[in-house]
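Before any comments, here is the structure.
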Amino acid sequence: MGIEILYVFWFASIIMVGGYIVWIKKTSCKQSIVNERKVCEERIKFDSDIIYKLAFEDELTGLYNRRKFLIEGNDLLQSSHLAHQYALLSINIDKFTFIRSIYGYHTGNEILIKTAQIIQELTAKNGICGRRDDAGFAILFQIQEVGDISLLYESLAARISKIKIKENINYGLQILVGAAIYPTHGSRMSELYENVKFVEDQMRKNGNKTFQIFDNELKETILRQQVIAMELQEAIKNKEFILNYQPKIDTLSQKIVGMEALIRWKHPKKGFISPNEFIPIAEQAGLITEIGKWGLMEACLQNKAWQDKGYEKYIVSVNISAIEFYQEDMLDSIKETLKTSGLEAQYLEIELTESMTIIDKKQTIAKMKAIRALGVKIALDDFGTGYSSLSYLKVLPIDVLKLDQSFIVEIERDHVSKCITLSIIDLSRLLNIETVAEGVETKEQAELLSAMGCNMIQGYYYSKPIEADLFEERYMKIV
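To convert, take the position in the sequence shown, counting from 1, and add 4; that gives the numbering used here.
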């Protein structure tokens, strides 16, 4: 045992680095005690360097690993004492898994190494960098103003996009970068990381951004949307939706000729929530079809109930979203609704937006024809706001064209809006399509539209959307 026993307390060292426990042991040798100590010290130093690299460095790129980056980042922030601004950036190589599957792991690793080198070069003077995960890196660097972040992003994007491993191969590398600012968006690395991750999630969902800086208002909006999405499920179960009705007035007789059913959400605690807010969320959450089917059924049941009371028979218009329209069972759903409610098809009108009709023209026109074959009318809503031309009207199987409010608002004082509106009305008349002007708010607008030959008017000038009981009281007349 000899030397080993003599120096057991000196040789037998337990070193903990980053949660790893390592036993350093020097075997016996025939050197002098002084030489033995020197050899052991060198061995311990060598082993310590290895342990440090294993614990704190990324093996492939040599950058800090996630753990070390967080430690160094927190130290850097704490030492600044809020005197400086720092930006935390997450950098992800877009579609890296796909690129590596095509060109192989070796090429993928080379891309990561070159990316790391670029990041190091651009942040060496005023920041630190690390590798977070497979294709993700992170930077924490000092900034003078928010614009510094954009400049760094542009430099990174430009240089990384030009990475070449093999000649004549363009990998089309693109990076997704999310950023959060210290101390505005957090005083610790964990807070900044959380907000950067939020930004990353939003970019992936939207799919139309490659760079975004965290925004507190945006986060509050998204969190509110998430709450609404959860509450919408309860709203469906608890039957918290109601339909309001807005009359359509004939421009010549000035009498009601129909009504549009508009959904409203009466939240038990928050009151009425605007459909402009909850409808897009319902579409994203996959709830719009169920809500839409309820709205269609409720409108048909209500219209039939009014007819059964002996009131004059009117057409009720119901909006259908693109998601509902392209469901395979859409036509069967309309048939079932008419059968269950007992409403004759001629008293139902389905409203589609102009943008829906250009998604898949062939399929759209076929479905529109199938709906009309049932006897149901079709109205094209918001015309003039999409990408179709007036000539497109001749191929669409529609009965009614609704002029968008954006034209109506300017019709009195804007010559272009007036000319466009008049052209649409004249062409619709030639094609035997009725026109409805929506969003009419003044007497002058109503008179001008009537003089142009518009068939129907809808808007606050006559009535805002109101609940069924009040609508019945105001507009329903016994035949």
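All residues carry an ideal CB built from backbone N, CA and C; glycine is no exception.
As the structure is a prediction and not an experimental result, all values here were calculated from the model.
Out of GLN258, GLN311, ILE246 and ASN307, point me to the one whose CA is closest to ALA296's CA.
Per the sequence shown, the amino acid found at residue 296 is Gly instead of Ala. With distances taken between Cα atoms, GLY296 lies closest to ILE246.
What's the C-alpha gap between THR344 and LYS371?
22 Å
Cβ-based neighbour list, ILE277, same chain, cut-off 6 Å, excluding 5 preceding and 5 following:
TRP269 and HIS271
Decide if VAL320 is buried, meaning its Cβ has at least 16 other Cβ atoms within 10 Å, or exposed.
buried
Please work out which residues of its chain come closer than 8 Å, Cβ to Cβ, to ILE117, disregarding the five sequence neighbours upstream and downstream, and give them in chain order.
LEU64 and THR65
How many angstroms separate the CA atom of CYS133 from the CA atom of LEU67?
In a straight line, the C-alpha of CYS133 is about 7 Å away from that of LEU67.
Tell me whether the beta-carbon of ILE97 lies closer than 8 Å to the beta-carbon of ILE179.
yes
One question on the structure: do MET207 and LYS213 come within less than 8 Å of each other, judged by their Cβ atoms?
yes
Rounded to a whole number of angstroms, what is the C-alpha to C-alpha distance between TYR330 and ILE324?
10 Å
How many Å lie between GLY290 and PHE218 at the Cα?
27 Å
Rounded separation between GLY140 and LYS166 - CA only:
18 Å
Range of the contiguous beta strand (DSSP E) that encloses HIS271:
Looking at the DSSP string, the run of the beta strand (DSSP E) that includes HIS271 is 260 to 271.
Rounded to the nearest angstrom, what separates LEU453 and ASP152 at their Cα positions?
53 Å
Mapping the DSSP letters down to three states, classify ARG228 as helix, strand or coil.
helix
Between the C-alpha atoms of ASP205 and LYS168, what's the straight-line distance to the nearest angstrom?
Distance between the alpha carbons of ASP205 and LYS168 is about 29 Å.
Coil, strand or helix - LYS371 by DSSP:
Under the three-state reduction of DSSP, LYS371 is assigned to helix.
For ILE95 versus LEU160, is the C-beta distance shorter than 8 Å?
yes
DSSP state of ASP62 mapped onto helix, strand, coil:
coil
How many Å lie between LEU435 and LYS398 at the Cα?
7 Å
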